[in-house]
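See structure below.
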Amino acid sequence: MYYAENEFRVYVPNYDSSACLWWTEKVRAVKRTFKVYVKITVCRGAANEAPNWENAIEWIERRHRGAVGYRIYKPSSAPSQFTLDMMVLGGMFEVAVHMQNSPWQRVSALMEEHHRILVAIDSRWVARKDSEVELPKY
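In the numbering used here, the protein residues as written are 19 to 156.
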């Protein structure tokens with residue numbers, strides 16, 4: 019980073035937070051040595067890509083334990099631009115952040131309840147390992 023102020027876009031296709039993890043580690047290392055401002059904008063991959071539950075929950079878990087400093091959506095930022103599943107996912111990040119002092123097992127149980135909502139909104143959110151997720155009955 020050559021400047022005191024920097025802006026970057028990080029693309030996360032299929033909700034894979036590996037790039038966010040890499041950026042978090044680099045930014046933290048630079049900030050330990052230099053006084054810099056870094057703005058990271060996280061962007062989804064293709065607009066029509068299929069949801070990936072395994073990647074999304076890994077990202078939320080990384081955010082919960084502080085391994086990454088970025089989330090993809092903040093529900094209050096621009097609700098008219100987000101789909102229902104994006105709003106739910108944003109809420110999941112918020113829950114994980116607010117429960118950082120709680121063990122992941124407790125947070126994970128709440129995430130599974132949200133997962134059912136995501137599957138009800140879009141069946142492609144079913145976990146690849148567990149296609150037996152029971153849909154809520156309305």
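Here a beta-carbon is modelled for each residue, glycine too, at the ideal position from N, C-alpha and C. If you're wondering where the values come from, they're calculated on a predicted model, not measured in any experiment.
So residue i and residue j are in contact, right, with Cβ under 8 angstroms, and what is the actual spacing, rounded?
i: A74; j: Y33; result: 4 angstroms
i: L128; j: V106; result: Actually they do not touch by this definition, with Cβ atoms about 12 angstroms apart.
i: W71; j: A145; result: 4 angstroms
i: S35; j: V86; result: 6 angstroms
Can you tell me which of the three DSSP states residue i falls into?
i: E67; result: coil
i: Y29; result: strand
i: N119; result: coil
Does the Cβ of residue i have 16 or more other Cβ atoms within 10 Å, making it buried, or fewer, making it exposed?
i: F26; result: exposed
i: S141; result: exposed
i: H82; result: buried
Chain C beta carbons: is any one of them nearer than 8 angstroms to that of residue i?
i: L136; result: Of the protein chains in the structure, only one exists, and it is not chain C.
Under DSSP, the alpha helix (DSSP H) around residue i begins and ends at which residues?
i: S141; result: Premise fails: S141 is in no alpha helix (DSSP H) and is neither H nor E.
i: S36; result: 36 to 51
Distance, Cα to Cα, residue i vs residue j?
i: V45; j: E79; result: 20 angstroms
i: I135; j: E23; result: 39 angstroms
i: A138; j: L102; result: 11 angstroms
i: W122; j: V54; result: 32 angstroms
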